[in-house]
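Numbering (the numbering used here), first residue to last: -11 to 508. All C-beta atoms, glycine included, are put in the ideal place defined by N, C-alpha and C. The model shown is predicted, which means the values in this text are computed figures rather than measured ones. Down below is the structure, laid out as structure tokens.
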Ligand code: NDP
């Protein structure tokens, strides 16, 4: 810290105070007096210094940056102002782990959050991504169950590998993401050495109102790099804030990390015939089918001045969307459009959108929203508080607004899985990754990581499903996992076979089955 000026201390109301070192007492040995209002304010403020931590993505790091659009042709696909050729847009990013709490080590094996807020001329655009292009579940109704299975047991308060494998093997749609998680990319070397993916399928509309489905890829210019399990375990003890420190220190040094933004574009009428359901978040679109198209360069160049105000209180939400961009039938995305803003209302407060990291910077909000705790932004007294009215004030302008994405659906209320396309199943893309993307060393480390994790506190009943799960991904990998886990259990003198009960509860691919379907 550097030296600053030393003005007289005041309380929060600006009244000078007598002492910051001795509380007021009735005589030297007497009780502390309640009317020492500065002491009371100091203790009360201290008690309230924390807001509830995020239930997921609690531990993170963030910085400001700039997106510059380099590809003039991208305007053919979207009219969104931030993607027009030459556009420069200020942004805020928050990287994070998912399951750990505020003080948890940065190097736990976990996906990483990659949430970006772009301060555009049409208000904020938030892209709430991860460092993986896929996710563990495909319907938002499973999200709370999934997260609970990754957090802590109700009784002991301990994390529990058995819960994790129990859930994963009962929801085999998780196989693609778990393969990713157990591989090298499950522990990035730093936040700078990982890609970011919008993950969900979004819609773009150009100025002629032609529609495209789109997937975002932020490719790290630092190169992908990772930590082995052993390295990560050591850092968890010696340097739990490794990734937060790395990001902050590199930016302070002027070593600004950057990513090349690319997209995959699918004309809307190709979705129905594509070999994978393009809205299923457990699947990628093959690069061979939809090659990456360069959009621009995104560079982080400024640290926050106050971590709590600018990063802890930063509120990212996919409901922040701008004209030229819309949603898709991805049920995880549609759930997140509700749940993120709701989480911020609870965690930070009703008026979280007024705070500096969350307020739009290129435009003033013109809304009828009013009052609530901690409100300080308000319309002038002459502006009506309702619409429509006969006196003026904000009015909705469909010409300026986007439509949030349009697609056909048949209007019947159903509870159904995704429409199954020709090559859709739960294990196929995970198997492709294992056999066609990973090299021998990467496959070896993948098997070792699974064996290490699954041989630690997982019951033989659940393990039976674990072996089958990996055999479904890849028979050779499954065999290695079974042999490796059994050898470790035998070495530790633990049971390798189920003693009682039924181990046959394989979840199957029922989540892909369509009972009654809408059109994609
Ligand atoms: P490609 O061979 O064109 O793409 C494979 C991609 O896999 C690479 O471009 C790279 O994506 C990613 N990759 C490389 N090494 C690893 C690793 N150790 N762990 C995880 N991902 C890695 O084939 P397809 O596009 O047809 O995809 C084949 C499989 O690759 C998929 O089933 C999926 O599992 C995986 N994959 C596909 C992605 C996609 O969007 N198509 C993205 C990432 C993985 P990147 O350049 O994004 O790092």
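{"Item": "Touching by the beta-carbon criterion (3+ pairs, under 8 Å), the segment -9 to 2 and the segment 26 to 42", "Value": "yes"}
{"Item": "Beta-carbon gap between residue 188 and residue 250 smaller than 8 Å", "Value": "no"}
{"Item": "Whole-angstrom C-beta distance between residue 306 and residue 267, which should lie under 8 Å", "Value": "At roughly 15 Å, the Cβ-Cβ gap does not stay under 8 Å, so residue 267 and residue 306 are not in contact."}
{"Item": "Counted within 10 angstroms of its Cβ, other Cβ atoms place residue 508 as buried (16 or more) or exposed", "Value": "Model confidence at residue 508 stands at a pLDDT of 27, short of 50, so the residue's coordinates are unreliable; what they give is reported in the following sentence. With 16 or more other Cβ atoms within 10 Å, it is buried."}
{"Item": "Sequence-distant residues of its chain with Cβ nearer than 6 Å to residue 348 (five each side left out)", "Value": "111, 112"}
{"Item": "Neighbourhood of residue 178 by C-beta distance below 6 Å, restricted to the same chain and skipping five residues each side", "Value": "231, 234"}
{"Item": "Opposing strand residues paired with residue 251 [DSSP bridges]", "Value": "204, 281"}
{"Item": "Assigned secondary structure, residue 50 (DSSP; H/G/I helix, E/B strand, else coil)", "Value": "strand"}
{"Item": "Of the listed residues -10, 132, 109, nearest to residue 352 (C-alpha basis)", "Value": "109"}
{"Item": "Cross-strand partners of residue 191 (DSSP beta bridge)", "Value": "201, 314"}
{"Item": "Within 8 Å, strictly: CB atoms of residue 194 and residue 244", "Value": "no"}
{"Item": "Beta-carbon proximity list for residue 118, same chain, < 7 Å, skipping 5 on both sides", "Value": "99, 100, 101, 102, 185, 187"}
{"Item": "Buried or exposed (CB count within 10 angstroms, at least 16 for buried), residue 455", "Value": "buried"}
{"Item": "Beta strand (DSSP E) segments (min. 3 residues) lying fully within the segment 22 to 110", "Value": "48 to 57, 76 to 85, 100 to 108"}
{"Item": "Runs of alpha helix (DSSP H) lying entirely within the segment 430 to 473, each at least 4 residues, in chain order", "Value": "448 to 461"}
{"Item": "beta-carbon residue 424 near ligand 1 non-hydrogen atom, thresh 7 Å", "Value": "yes"}
{"Item": "Endpoints, the alpha helix (DSSP H) within which residue 238 is located", "Value": "230 to 240"}
{"Item": "Any non-hydrogen atom of ligand 1 within 7 Å of residue 247 CB", "Value": "no"}
{"Item": "Residue 272 Cβ short of 7 Å to ligand 1 heavy atom set", "Value": "yes"}
{"Item": "Residue 364 versus residue 345: straight-line alpha-carbon distance, rounded", "Value": "15 Å"}
{"Item": "Residue 284 vs residue 116 beta-carbon contact at 8 Å", "Value": "no"}
{"Item": "CA-to-CA distance, residue 114 to residue 35, given in whole angstroms", "Value": "32 Å"}
{"Item": "Option nearest residue 368 by Cα separation, candidates 71, 470, 356", "Value": "356"}
{"Item": "Outcome for residue 176 when other beta-carbon atoms lying within 10 angstroms are tallied against a minimum of 16", "Value": "buried"}
{"Item": "Inter-residue CB distance, residue 269 and residue 123 (contact presumed, cutoff 8 Å)", "Value": "4 Å"}
{"Item": "Heavy atom of ligand 1 within 7 Å of residue 583 beta-carbon", "Value": "Lying before the first or after the last residue shown, residue 583 is absent from the chain, which here runs from -11 to 508."}
{"Item": "Three-pair Cβ contact test at 8 Å for the segment 137 to 154 versus the segment 371 to 391", "Value": "no"}
{"Item": "Assumed close pair residue 163, residue 436 - CB separation to whole angstroms, cut-off 8 Å", "Value": "About 18 Å separates the two Cβ atoms, so there is no contact after all."}
{"Item": "heavy atom of ligand 1 below 7 Å from residue 178 C-beta", "Value": "no"}
{"Item": "Heavy atom of ligand 1 within 7 Å of residue 121 beta-carbon", "Value": "yes"}
{"Item": "Own chain residues within Cβ distance below 8 Å of residue 48, not counting five before or after", "Value": "82, 83, 84, 85, 101, 232, 299"}
{"Item": "Segment contact flag, the segment 153 to 168 with the segment 129 to 137, C-beta cutoff 8 Å, min 3 pairs", "Value": "yes"}
{"Item": "Proximity test, residue 430 beta-carbon vs ligand 1 heavy atom, cut-off 7 Å", "Value": "yes"}
{"Item": "Coil, strand or helix - residue -2 by DSSP", "Value": "strand"}
{"Item": "beta-carbon residue 265 near ligand 1 non-hydrogen atom, thresh 7 Å", "Value": "no"}
{"Item": "heavy atom of ligand 3 below 7 Å from residue 417 C-beta", "Value": "Judged by which ligands are present, ligand 3 is missing from the structure shown, whose ligands are ligand 1."}
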